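**Q** Protein chains in written order, with the working numbering: chain A, 1 to 278; chain B, 1 to 278.
Every residue, glycine too, gets a C-beta built ideally from N, C-alpha and C.
The structure presented is a predicted model; accordingly, all values stated were derived computationally and were not measured.
Let me give you the structure first, and then I'll get to my questions.
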DNA sequence: CATACTAATGACTACACGGTCAATTGTCAA
DNA sequence: TTGACAATTGACCGTGTAGTCATTAGTATG
């Protein structure tokens, strides 16, 4: 298992520097100090590696901003926290963010394209729920436009420190984007993106998580973990999934236990949604 | 010469569908109904083909929007015409636009990266001149932010019809973006992107700084500063420039000391690059 | 120490790519 | 019809790739 981590870390560095296609398995294994055969003990193919990387980081990122949006009590700070967390995350995982920016979104296989599309949708969902909470009906017709603008800000401003390694004042960046977003939300009148348009985009790619899928993911997580409070919490949560019996407060506590564990963020996110707990 | 046109057209289709790396010369020539040898009569290499494509379309696009911005007499229509022309062009040359969106900006060679950067700069220049004409001093500090927002709108909204082939009401799109842009221009107060930041982006691509130049800049910085930890750090870093002797960890620490100092950002940036420290 | 088992290796295969060039075909003036 | 020249071909080359597997090294057990 540790081998898998090592490969993912080292491969990430190379992918960010040279791109996915341009990096050979040989280079990766050299960089890890292992043999080529060992690589194929951890991953069935090079494609499986890139999928694992994308899952790992996108889950973490989605879970992070979802948590922020659901746990910030003060409406006045919500947007700021969202932007701050987002860019902090981009900054921390800049190697991965670079890959996402640079790689030809669709020249991978179809499966990966849908996967990325779905993560994109999850993020959009978080953004939309934030918009709804802050501006409610006031911006109902305009919510998709607003979400698109927010995504546009995220994309364009992140280039600044991903392509060029510039020193960034995260606080100022977040504040300036809050202002922009707030201005648009409160004064826009013309909506371009309608419900219909969104439906046309989503149509072919609907996919809901079933209980079984969540259980499966949680179980996989449990296997990979060392004995700890977090592992115990996950096991208890798994039982709760199959046979709900505990008080919501207990469930919430268990979720809080695993929230910060890097490998549990995605599971925590799915569980939070499943149990309907903020 | 007609052969060259044919190859460019057919190759464009394949690149848009599969990406540049994933398309072989054999596939291109098959698609053209010519032999592989014939390809190399028109282009010295596959790289030369992609360069030709990028030049062809970027020149056209840059020239198009430049013309619109310079020839629209009526200020009231300027923004609208800009957006309308832009998206019309994206739509007309959607195959090429797709390539631009999808291709790993830097996994080509360095030459191509600079080339794209320069086209990007040309477009930014057009946008900035438009902002200047419409909002003049009113938005002077905010012009770069405004330009970034406009580029963000262009990127994000164009995805709608590049990735998903949706029918687009160009007129509504342009009008809605004009409203957004105008709102931001007239009400923003917080600027994130300063002249200094823009300089940092442009500098390293023009030419690599020599050691002497860096020393000179650092020395100027030291002179201008009052006695402080930051000044001491800078002095130590200057010695390190001339006679490398310290451990990387120490260098990194010194850089961290001056990172937040407003007048040191540029020097810190150059030093980070010089010492190869993230 | 011997045995059984797992983890790790790297030479190897099969293949696809960009690019070359001797050989072939097409063209047209004499 | 001939011959000189230009245009075009596609088999071929060197290189580098993803992925395999017989072999070896390492480790735990009786």
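Does DSSP classify residue 113 of chain B as helix, strand or coil?
**A** Here residue 113 of chain B sits in helix by DSSP.
**Q** Note the first and the last residue of the continuous alpha helix (DSSP H) segment covering residue 42 of chain A.
**A** Its alpha helix (DSSP H) spans residues 36-42.
**Q** I need the straight-line Cα distance from residue 99 of chain A to residue 50 of chain B, nearest angstrom please.
**A** Rounded to the nearest angstrom, the two C-alpha atoms are 21 Å apart.
**Q** In or out: residue 340 of chain A buried (at least 16 other Cβ within 10 Å) or exposed?
**A** For chain A, the structure presents residues 1 to 278; residue 340 of chain A sits outside this window and is missing.
**Q** Which two residues bound the contiguous alpha helix (DSSP H) that contains residue 172 of chain B?
**A** 170-187 is the extent of the alpha helix (DSSP H) around residue 172 of chain B.
**Q** Which of helix, strand or coil does DSSP assign to residue 264 of chain A?
**A** Three-state DSSP puts residue 264 of chain A in coil, outside helix and strand.
**Q** Check whether the region 262-269 of chain A and the region 14-24 of chain B are in contact - that is, three or more C-beta pairs closer than 8 Å.
**A** Because the criterion of three Cβ pairs below 8 Å is not met, the region 262-269 of chain A and the region 14-24 of chain B do not touch.
**Q** Beta-carbon separation of residue 168 of chain A and residue 150 of chain A under 8 Å?
**A** Going by C-beta atoms, residue 168 of chain A is not nearer than 8 Å to residue 150 of chain A.
**Q** Return helix, strand or coil for residue 120 of chain A, following the three-state DSSP convention.
**A** Looking at residue 120 of chain A - three-state DSSP - the assignment turns out to be helix.
**Q** Taking a cut of 8 Å between CB atoms, which residues from the region 181-215 of chain A lie near chain B?
**A** Within the region 181-215 of chain A, the qualifying residues are 183, 184, 187, 188, 189, 190, 191, 192, 193, 197, 200, 201.
**Q** Quick test of the definition: if touching needs 3 or more C-beta pairs under 8 Å, does the region 136-147 of chain A touch the region 132-140 of chain B?
**A** Because the criterion of three Cβ pairs below 8 Å is not met, the region 136-147 of chain A and the region 132-140 of chain B do not touch.
**Q** Which residue from A/79, A/255, A/55, A/162 puts its Cα closest to that of residue 117 of chain A?
**A** Of the listed residues, the one whose Cα sits closest to residue 117 of chain A is A/55.
**Q** Using a Cβ cut-off of 8 Å (strictly closer), state whether residue 176 of chain A contacts chain B.
**A** Judged by the 8 Å Cβ criterion, residue 176 of chain A is in contact with chain B.
**Q** Please tell me whether residue 144 of chain B has its Cβ less than 8 Å away from any Cβ of chain A.
**A** Not an interface residue.
**Q** Can you name, in chain order, every residue of its own chain whose Cβ lies under 7 Å from the Cβ of residue 148 of chain B, other than the five neighbours on each side?
**A** Contacts found: 193.
**Q** If we ignore side chains and look at the alpha-carbon of each, how far apart do residue 83 of chain B and residue 177 of chain B end up?
**A** Going by the C-alpha atoms only, they are around 7 Å apart.
**Q** Whole-angstrom Cβ separation of residue 38 of chain B and residue 29 of chain B, contact assumed at under 8 Å?
**A** Contact flag correct, Cβ pair sits at about 7 Å.
**Q** Exposed or buried, residue 233 of chain B, counting other C-beta atoms within 10 Å across all chains shown (16 or more means buried)?
**A** It is buried - the Cβ of residue 233 of chain B has at least 16 other Cβ atoms within 10 Å.
**Q** Could you give the DSSP three-state label for residue 247 of chain A: helix, strand or coil?
**A** Correct three-state label for residue 247 of chain A: coil.
**Q** Could you compute how far the alpha carbon of residue 93 of chain B sits from the alpha carbon of residue 110 of chain A?
**A** Using only the alpha carbons, I get a separation of about 24 Å.
**Q** Do residue 142 of chain B and residue 200 of chain B have their C-beta atoms within less than 8 Å of each other?
**A** Contact flag unset, no.
**Q** With 16 as the cutoff for other CB atoms within 10 Å, does residue 152 of chain A come out buried or exposed?
**A** Buried, since its Cβ has 16 or more Cβ neighbours within 10 Å.
**Q** Kindly list the residues whose CB is nearer than 6 Å to the CB of residue 157 of chain B, restricted to its own chain and excluding five residues on each side of it in sequence; keep chain order.
**A** No residues qualify anywhere along the chain.
**Q** Quick check: what's the CA-CA separation for residue 132 of chain B versus residue 85 of chain B?
**A** Answer to the nearest angstrom: the Cα atoms are 19 Å apart.
**Q** What does residue 21 of chain B reach in chain A if we use C-beta pairs closer than 7 Å?
**A** Per Cβ cutoff of 7 Å: 21.
**Q** Which value, in whole angstroms, describes the spacing of the CA atoms of residue 206 of chain B and residue 221 of chain B?
**A** Confidence in residue 206 of chain B is poor, its pLDDT being 49 and thus under 50, which makes the residue's placement unreliable; the coordinate value appears in the next sentence. Approximately 22 Å, taken between the alpha carbons.
**Q** Quick one: grab the DSSP three-state call for residue 21 of chain A.
**A** Three-state result, residue 21 of chain A: coil.
**Q** Within the continuous alpha helix (DSSP H) that includes residue 52 of chain B, where are the two ends?
**A** Counting along the chain, the alpha helix (DSSP H) containing residue 52 of chain B begins and ends at 46-71.
**Q** Can you say whether residue 42 of chain A is buried or exposed, counting buried as having 16 or more other CB atoms within 10 angstroms of its CB?
**A** Flag for residue 42 of chain A reads buried.
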